[in-house]
Amino acid sequence: MSGAATWISAADVPALYEGAKFYAPAVGDAGRSSLTSWLTGLLEREGPVALHRVETMAPETPCVSLCVLGSGSALADLPPAGDEFVAAIRQIEQLQGVRFGAVYPLAAATVSALVPVAAAAQLGVPLLDADGMGRAFALIHHTAMYLAGISPTPLVAFGPTGDSVLVDARTGARADRLLRASLDTLGGWAALASYPTTAGALRRGALPGTISRIANVGRVLLQQTDPDLLISRLAAITGCRRLGRGRISELEQLSRPSDGSIPAHPSSVVIDETDGQRRQLRIELRSEIVAVFANGELIAGAPDLLCLVDATRGTLATLDNLERGDLVDVLVTPGDAVWYSDEGMAMVGLSFHGIPLDHPRRLRGEP
Amino acid sequence: MSQRPSTLPITLGGLVRIQPLARASRLHFADPLRQVEQVVLAQTFERLRRCAPHVLVVLHDTAAAGGWSLAAALHLAWERNVSAVVVSGAVAGSAGAALAERLNMTLLAIDSDPVDVALQLAGQVSAPAAARALGQALCAERLAEQTHVRGVLGVLNSELQNAPVALVIGETAVAGRVAALQDKTNARRVEVEVQGPDEQPWARLVAAVPVNGPMAVEQVESLLRLARPSLQAAWAQTRLDSTVHSAHEQAAFGLLRRLAAEPPPDAPAGPVEIETPPWSSELGWQIDGVNRAVWLTPLRPSGAPSEEVTHLVRAAWQRGRTHWPLVVDGDSWISWHSSEDADDVGPLRRAVTAFRDSAAAHRLVIGVGQAHPGVAGLMRSVAEARLAAYVARKQGPAGVQWFDQVGASAALAWLPTTEIAQVADLCLAELMDARDRMALVQTVLAVLDCGGSLSQASQRLGVHRNTVLARLTRARQLGLAYDEPEQRLALHVLCYALASLWTQSGTDE
């Protein structure tokens with residue numbers, strides 16, 4: 001191991017958690033306290049975890065990604081015993097006959113951004129400042145590594161009941177389906193270790209700097225401030241901008257047919273803009289905010305990262321807590337460049353969510 | 368001559384009147400006059416992007432998948448300037464309706480299969496004349512359901528939208544929109560004559576059709592013709608109603624009069640407060656306040672008036688004052704105005720002034736009583752008005768007399784002038800045979816009226832004092848001994864009767 005490292009200590013956990021929420025606005029706060037207190041205790045006991053940029057690692061260092069697969073509420077109902085992530089990693093190590101020298105998050109968002117920190121502390125290995133999504137997508141093969149030709153398999157899902165599933169499949173999509181078929185039996189959620197590869201491969205395949213980014217975003221979010229200042233500070237770190245501010249006038253569940261490709265029901269939020277052009281903003285939800293229409297015109301959509309800020313309190317509004325009458329700001333943050341390529345768009349763009357419209361960036365002639 | 372059917376495109380307003388869109392719920396209806404030139408069944412957003420302006424879009428399949436799709440479709444429709452969007456009711460929620468309103472885009476929700484609806488609409492749009500004929504047939508049904516003139520005009524105006532229609536009698540619009548009569552350079556006037564039950568022209572239906580509007584003149588004309596039977600039926604109904612109403616009012620007034628004349632047996636002596644019977648308010652009568660009666664009577668009474676005359680008098684008297692009663696009483700009509708303030712004569716004065724033309728036309732005179740409270744007061748005012756009306760006869764047709772200004776001279780109005788004149792024929796045969804009898808009688812009357820003053824009499828008659836003197840001498844020779852005290856009253860009355868009679872008839876025959 002060489003090169004400069006920063007450290008993640010127990011004091012950084014709240015910021016990490018808040019930042020991770022910004023990049024996955026659909027996820028609620030159900031498992032917050034148990035997870036953060038577990039991680040805080042772990043870091044206090046084991047000491048801080050070293051955070052390394054990928055290019056500072058020796059290229060041949062074996063690395064593996066970690067994430068929480070399944071529903072957040074299942075994780076809250078059946079909290080981790082604590083050894084699931086290490087156990088998943090050990091199974092792949094056994095299978096491949098390697099010892100992983102670093103771990104990294106599959107998605108630097110949601111609780112999946114926190115568990116690699118815990119695993120790194122338990123294993124005594126560094127954490128890579130990189131991830132596969134730069135946010136959270138629904139399926140395990142929706143990653144930059146997959147686009148770069150790195151296979152997600154062999155992968156191991158280790159459930160809270162102590163059972164595990166090892167999957168080896170020819171394509172990412174088949175691996176995802178095999179995995180989801182076992183998820184209920186595993187306990188509703190599972191610790192997933194996947195994408196076993198080397199640091200050298202991750203240099204070209206992973207999205208760099210995403211852990212430090214969520215920590216920075218989290219620190220901004222933790223400072224209680226007025227929404228306008230909050231958005232300008234977030235813009236400086238993430239490049240986000242406000243699409244509009246308005247009051248929620250309608251919440252529609254199951255607002256359109258689902259093709260079953262994504263494990264979340266489609267629904268819509270209708271917001272009446274309270275200033276500016278007083279447009280009707282329509283927010284389409286699935287496992288994330290998929291698209292925003294202003295008076296029926298598509299103004300932002302996946303792979304843009306879309307989130308809502310509670311304009312009264314200056315905090316992030318999670319999608320399962322929205323109510324009619326809430327005053328919210330709609331924020332759009334550009335996704336990582338890889339997602340706007342043709343392959344990226346085909347994978348996680350609007351058409352994947354059943355919206356056969358061109359992305360506004362394409363219409364504007366942007367790359 | 369056969370008329371070629373109009374080839375103007377059908378309007379949105381025309382389409383929603385007939386099936387299948389008549390059943391559609393209108394989530395937002397922007398402009399009924401928007402033309403619909405084509406129907407597009409849009410399955411994809413790509414198809415929507417290729418729509419020409421003025422088409423009606425029926426959303427289907429992907430374009431009607433719910434959630435965002437309706438919003439996106441409405442936006443594209445707005446960009447393409449389409450006339451309307453039709454979508455399945457299952458997809459269209461309140462947010463869709465709100466967006467349609469925001470974009471001012473007509474949005475109609477249907478329950479049936481969009482493909483079937485699009486096919487039917489395409490047929491209607493490609494044969495606008497047939498669709499319009501269907502619309503007219505439905506309109507005829509609605510017209511037939513109307514029982515009042517206003518209802519008929521209401522249907523016509525809602526059907527013709529921007530072409531105002533009015534029913535005109537003479538030059539006055541009696542129902543509908545007065546805008547139909549205003550001369551506009553950009554509108555063409557269409558008129559259809561309406562005959563009364565006696566097959567005589569009774570009224571005209573007038574419509575002002577905008578020159579560049581979506582409605583052809585022939586189409587408007589045929590609609591107006593369709594309305595004629597309903598109007599005739601409504602008119603007949605009104606006549607029937609007014610006859611019944613008139614009889615009802617007459618009976619009620621008779622009862623009221625009896626109440627005032629025969630106070631209850633247990634009532635104390637002196638003036639009696641008579642409670643207003645509750646049935647009077649059912650007729651719309653107001654009696655509780657201070658009442659001032661009006662007596663309308665023919666200049667020359669000739670028995671009870673016909674129903675037609677009563678109808679016309681009622682129409683003229685109640686124009687703008689529909690709550691004022693009009694009760695037939697013998698050869699005359701009674702009306703009254705009730706108010707809280709006895710000095711409030713403004714409304715009555717205006718009513719009398721407005722009625723004078725009609726009074727002249729029907730050779731009526733008008734008497735107005737004083738203001739008195741309650742039922743008994745009304746009856747008293749009626750008696751005063753009647754007296755005043757008799758005095759008003761002296762003024763000729765449309766004469767108006769207020770009782771306040773009559774005083775004791777009202778007594779003269781009751782003199783049986785015809786009978787007294789007959790007495791003159793017997794007692795003053797010589798005078799009545801004289802050729803200058805009119806001048807002689809008028810001169811004697813003037814001298815008696817002026818208390819024997821020759822100079823005042825000559826001034827009133829406009830002749831020289833000597834002429835007056837000469838006529839008096841001649842009158843005395845012919846038996847008019849006006850200066851004999853025992854005969855003076857009798858001769859004064861005789862001269863008054865003769866002069867009144869001759870003034871009324873305009874001759875001394």
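Here the protein sequences line up with chains A and B, keeping their order. Heads up, the first sequence is in the numbering used here, so the first residue is 1 and it goes up one at a time. Heads up, the second sequence is in the numbering used here, so the first residue is 368 and it goes up one at a time. Where a beta carbon is used, it is the ideal one built from N, C-alpha and C, also for glycine. Everything numeric in this text was worked out from a predicted model, so none of it was measured.
In terms of residue numbering, what span does the alpha helix (DSSP H) encompassing residue i cover?
i: A/Tyr195; result: That residue, A/Tyr195, is in no alpha helix (DSSP H); its beta strand (DSSP E) goes 189-198.
i: A/Ala73; result: A small fix is needed here, since residue 73 of chain A is Ser in this sequence, not Ala. Where A/Ser73 is concerned, the enclosing alpha helix (DSSP H) stretches over 72-77.
i: B/Thr840; result: 832-844
i: A/Ile89; result: 84-96
i: B/Asn553; result: Careful: B/Asn553 lies outside any alpha helix (DSSP H) and carries neither H nor E.
i: A/Ile237; result: 227-238
Roughly how many angstroms separate the alpha carbons of residue i and residue j, rounded to a whole number?
i: A/Asp159; j: A/Ala190; result: Per the sequence shown, residue 159 of chain A should be read as Gly rather than Asp. For A/Gly159 and A/Ala190, the distance between alpha carbons rounds to 4 Å.
i: A/Gly101; j: A/Gln94; result: 14 Å
i: B/Ser613; j: B/Leu626; result: 20 Å
i: B/Arg556; j: B/Gly521; result: 19 Å
i: B/Val519; j: B/Trp684; result: 25 Å
i: B/Met799; j: B/Tyr757; result: 27 Å
i: A/Lys21; j: A/Val13; result: 12 Å
i: A/Ala138; j: A/Ser112; result: 12 Å
i: B/Gln604; j: B/Thr720; result: 30 Å
i: A/Val167; j: A/Leu66; result: 15 Å
i: B/Glu707; j: B/Val587; result: 49 Å
i: A/Gly239; j: A/Ile214; result: 13 Å
i: B/Val773; j: B/Asp608; result: 38 Å
Decide if residue i is buried, meaning its Cβ has at least 16 other Cβ atoms within 10 Å, or exposed.
i: A/Val217; result: buried
i: A/Gln277; result: exposed
i: B/Thr473; result: buried
i: B/Pro778; result: For clarity, residue 778 of chain B is Ala in the given sequence; the question names Pro instead. Looking at its Cβ environment, which holds fewer than 16 other Cβ atoms inside 10 Å, B/Ala778 is exposed.
i: B/Glu853; result: exposed
i: B/Pro714; result: exposed
i: A/Gln224; result: exposed
i: B/Trp781; result: exposed
i: B/Cys794; result: exposed
i: B/Asp698; result: exposed
i: A/Trp7; result: exposed
i: B/Pro672; result: buried
i: A/Thr171; result: exposed
i: B/His831; result: exposed
i: B/Thr870; result: exposed
i: B/Ala540; result: buried
i: B/Asn553; result: exposed
Hey, could you find the ends of the beta strand (DSSP E) residue i is sitting in?
i: A/Phe293; result: 289-294
i: A/Glu250; result: 241-253
i: A/Asp329; result: 327-333
i: B/Leu701; result: The sequence shown places Ile at residue 701 of chain B, not Leu. Taken as a continuous stretch (DSSP letters only), the beta strand (DSSP E) holding B/Ile701 covers 699-706.
Thinking residue i and residue j are a contact (beta carbons under 8 Å), I'd like their distance in whole angstroms, please.
i: B/Val516; j: B/Trp602; result: 7 Å
i: B/Gly460; j: B/Ser392; result: Their Cβ separation, rounded to whole angstroms, is 12 Å, which puts B/Gly460 and B/Ser392 out of contact at 8 Å.
i: B/Ile385; j: B/Leu505; result: 6 Å
i: B/Arg544; j: B/Glu560; result: The Cβ separation is near 19 Å, so there is no contact.
i: B/Leu382; j: B/Gln491; result: 6 Å
i: B/Ser652; j: B/Pro692; result: The sequence shown places Trp at residue 652 of chain B, rather than the Ser named in the question. Yes, they are in contact, since the Cβ atoms of B/Trp652 and B/Pro692 sit about 5 Å apart, within 8 Å.
i: A/Leu69; j: A/Leu207; result: With a Cβ gap of about 20 Å, A/Leu69 and A/Leu207 do not count as contacting.
i: A/Val338; j: A/Ala144; result: 5 Å
i: A/Tyr146; j: A/Ala130; result: Contact doesn't hold; Cβ gap of about 14 Å is too wide.
Look up residue i in the DSSP assignment and say whether it is helix, strand or coil.
i: B/Ala533; result: strand
i: B/Leu798; result: helix
i: B/His865; result: The displayed chain sequence assigns Leu, not His, to residue 865 of chain B. Correct three-state label for B/Leu865: helix.
i: A/Ala274; result: Correcting the residue type first, residue 274 of chain A is Thr in the shown sequence and not Ala. Three-state DSSP puts A/Thr274 in coil, outside helix and strand.
i: A/Asn321; result: helix
i: B/Pro852; result: helix
i: B/Ser613; result: helix
i: A/Pro263; result: Below a pLDDT of 50, predicted positions are generally treated as unreliable, and A/Pro263, at 47, falls in that range; no measurement from the model is reported.
i: B/Gly543; result: strand
i: A/Ile368; result: Look at the range of chain A in this structure, 1 to 367, and you will see that residue 368 of chain A is not part of it.
i: B/Thr643; result: coil
i: B/Thr429; result: helix
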